[in-house]
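So the sequence shown is numbered by the numbering used here: it starts at 123 and just counts up by one.
A short write-up of the structure that comes next.
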Amino acid sequence: MTTIDGPRTGLSNQAAYADLHGFVAGGVSSNMRARGIIEPIVVDSASGCRVRDIEGNELIDVNMGYGPHLFGYADPDVTAQIAAQFGRGHMTGLPHRIDREAAGLVAELVPGVERLRFANSGTEALMSAVRLARAVTGRTLVLTFEGHYHGWSETLLRSRGGDGRRPAPGAAGMIPEAMEHTLQVPWNDAAAVEKVFADHGAELAAVMCEPVLANDGVVVPDAGFLELLRRLTGEHGALLVFDEVITGFRVARGGGQELYGVVPDLTVVSKAMGGGFPVAAFGGSREVMEPLARYEAFHAGVYSGNHAALRAVAATLAKIRAAGALYTELDGIGAHAEARVREAVDGAGRTARIGRVGSMMSVALTDPATGEVDEAGHRLLQTACQRRGVYFHPVPAEPWFLSTAHTRQDIDTVAETISEALAETA
Ligand SMILES: CC1=C(O)/C(=C\N=C2/C=C(C(=O)O)C[C@@H](O)[C@@H]2O)C(COP(=O)(O)O)=CN1
Ligand SMILES: Cc1ncc(COP(=O)(O)O)c(C=O)c1O
């Protein structure tokens with residue numbers, strides 16, 4: 123029986139990460155996550171709000187795996203149930219008794235979901251949601267917003283900006299025509315949205331957004347903006363799609379649509395839904411999902427809705443549903459973090475842009491003269507903090523994701539570390 127925690131190799135983080143590059147192209151299986159590694163760190167284990175690297179260092183983590191862990195790493199309630207499912211068979215490819223419980227919980231907690239399909243990742247779910255919107259409306263055009271990330275599929279991986287608001291493909295190897303059916307406008311730009319509908323209203327299959335932008339720092343919708351999207355899509359026969367991969371079960375029990383009281387036609391959820399297990403879902407009203415119920419629209423995936431994933435969903439959502447004061451608690455932790463980080467930055471005579479909704483918070487050092495994000499200064503701060511036992515993402519666009527595992531003392535330690543690091547990097 124091989125143990126999962128064999129003896130440490132004795133390699134340094136640097137040496138182990140260099141070795142890893144010999145086998146995993148880029149050292150990590152995501153370009154997005156490769157940006158998160160300036161000073162190499164190779165994890166040995168994680169629990170609560172801490173990761174331990176292979177050198178034996180323990181760090182307080184506020185990136186927390188990019189958002190799935192409302193209750194911290196290795197939550198015993200969820201992990202015990204997933205482990206038990208593996209012991210009972212976790213992938214038969216057949217309908218399972220856990221399917222009803224998991225789907226029922228999503229439908230109960232998310233206002234806009236009556237019926238859904240499960241998938242393995244947010245990218246898959248969003249790709250499928252857009253395909254369904256095109257099938258339902260018979261149209262192809264999709265309106266997106268700058269900075270909003272909807273995964274890396276062929277028609278959704280966009281660059282910023284774009285002539286005439288048509289973005290360029292976001293990666294090498296994408297077909298040049300990949301964005302032919304995609305428009306993009308700045309977030310919170312009501313005039314630009316109105317113009318798109320004036321010019322293309324009859325062609326639009328969908329308008330897609332993160333109800334709270336979380337991939338370009340945390341930027342909330344302007345008052346009335348989501349309502350504008352809801353009104354215009356309704357008037358023009360387009361579907362409103364909320365990408366709640368991050369905000370779902372994070373900013374409120376029912377996600378951004380509950381927090382802001384705007385219900386989309388299609389919702390995509392992932393991350394917090396599975397408590398860190400890879401799983402996603404897209405869903406909407408019975409009517410919108412009917413083409414899939416009749417197999418007239420297409421979605422597949424041999425692992426979609428596998429029993430381990432749905433056990434993770436059922437365990438996580440049952441815990442969320444039962445925790446009456448969860449979002450008050452998470453907001454309290456976030457407010458404490460915001461206050462202490464502001465104190466640390468002010469105390470160092472520096473400036474920062476902080477955006478926060480509940481336990482999701484972006485912190486970006488800024489140039490006091492221009493107010494623009496100081497990317498280089500932020501990276502220096504991040505490295506200095508990581509050396510002192512605190513990990514946050516070196517790219518300021520990536521939010522902090524706090525959890526019930528973060529105590530006030532942990533947050534105070536993070537803020538004190540930032541103070542020390544700012545003094546060092548002044
Ligand atoms: C709002 C939103 C997301 O934030 C999102 C994924 N987010 C991230 C993906 C990362 C990665 O590919 O390693 C890490 C983070 O940059 C980011 O949170 C996705 C794609 O989900 P997935 O990565 O599961 O295919 C869709 N919508
Ligand atoms: C040969 C082959 N390629 C691709 C896929 C798609 O993989 P997934 O279902 O994980 O998306 C499958 C799934 O059965 C397959 O058999």
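No residue lacks a Cβ here, since even glycine has one placed at the ideal position from N, Cα and C.
None of the values given here were measured: they were computed from a predicted structure.
- The residue from ALA491, LYS317, ALA486, ALA527 with its alpha-carbon nearest to that of ILE540 is ALA486.
- Closest option to GLU161, judged by alpha-carbon separation, among CYS171, ALA138, ALA168, ALA527: ALA138.
- Rounded to whole angstroms, the Cβ separation of ALA247 and PHE404 is 4 Å, and the two are in contact under 8 Å.
- Counting along the chain, SER169 sits inside the beta strand (DSSP E) bounded by residues 165-169.
- Straight across, the Cα-Cα distance linking MET154 with LEU503 is about 20 Å.
- With contacts defined by Cβ atoms closer than 8 Å, VAL435 and GLY396 form a contacting pair.
- DSSP places THR369 outside both helix and strand once states are collapsed to three, so it counts as coil.
- Its chain contains ARG433, ALA437 as the residues whose beta carbon lies nearer than 7 Å to that of GLN203, once the 5 sequence neighbours on both sides are disregarded; these appear in chain order.
- Remark: the shortest separation between the CB of THR245 and any heavy atom of ligand 1 falls under 7 Å.
- A Cβ-Cβ distance of about 4 Å is found for the pair VAL384 and LEU348, placing them in contact under the 8 Å criterion.
- Inclusion of THR259 and THR277 in the CB contact set at 8 Å is not warranted, their separation being larger than that value.
- Within the same chain, and ignoring the five residues on either side of PRO217 in sequence, no residue has its Cβ closer than 7 Å to its Cβ.
- Remark: the shortest separation between the CB of GLY189 and any heavy atom of ligand 1 falls under 7 Å.
- Going by C-alpha positions, PRO289 is about 39 Å away from GLU465.
- Sorting GLY339, ALA545, TYR513, MET213 by C-alpha distance to the C-alpha of GLY477 places GLY339 at the top.
- One alpha carbon belongs to VAL235, the other to ASP365, and they sit about 13 Å apart.
- Between VAL367 and LEU351, the C-beta gap is not smaller than 8 Å, which leaves the two residues out of contact.
- Beta-bridge partners assigned by DSSP to ALA314: none are found.
- In the structure shown, TYR425 falls within a coil segment according to DSSP collapsed to helix, strand and coil.
- The nearest non-hydrogen atom of ligand 1 is less than 7 Å from the C-beta of ILE368.
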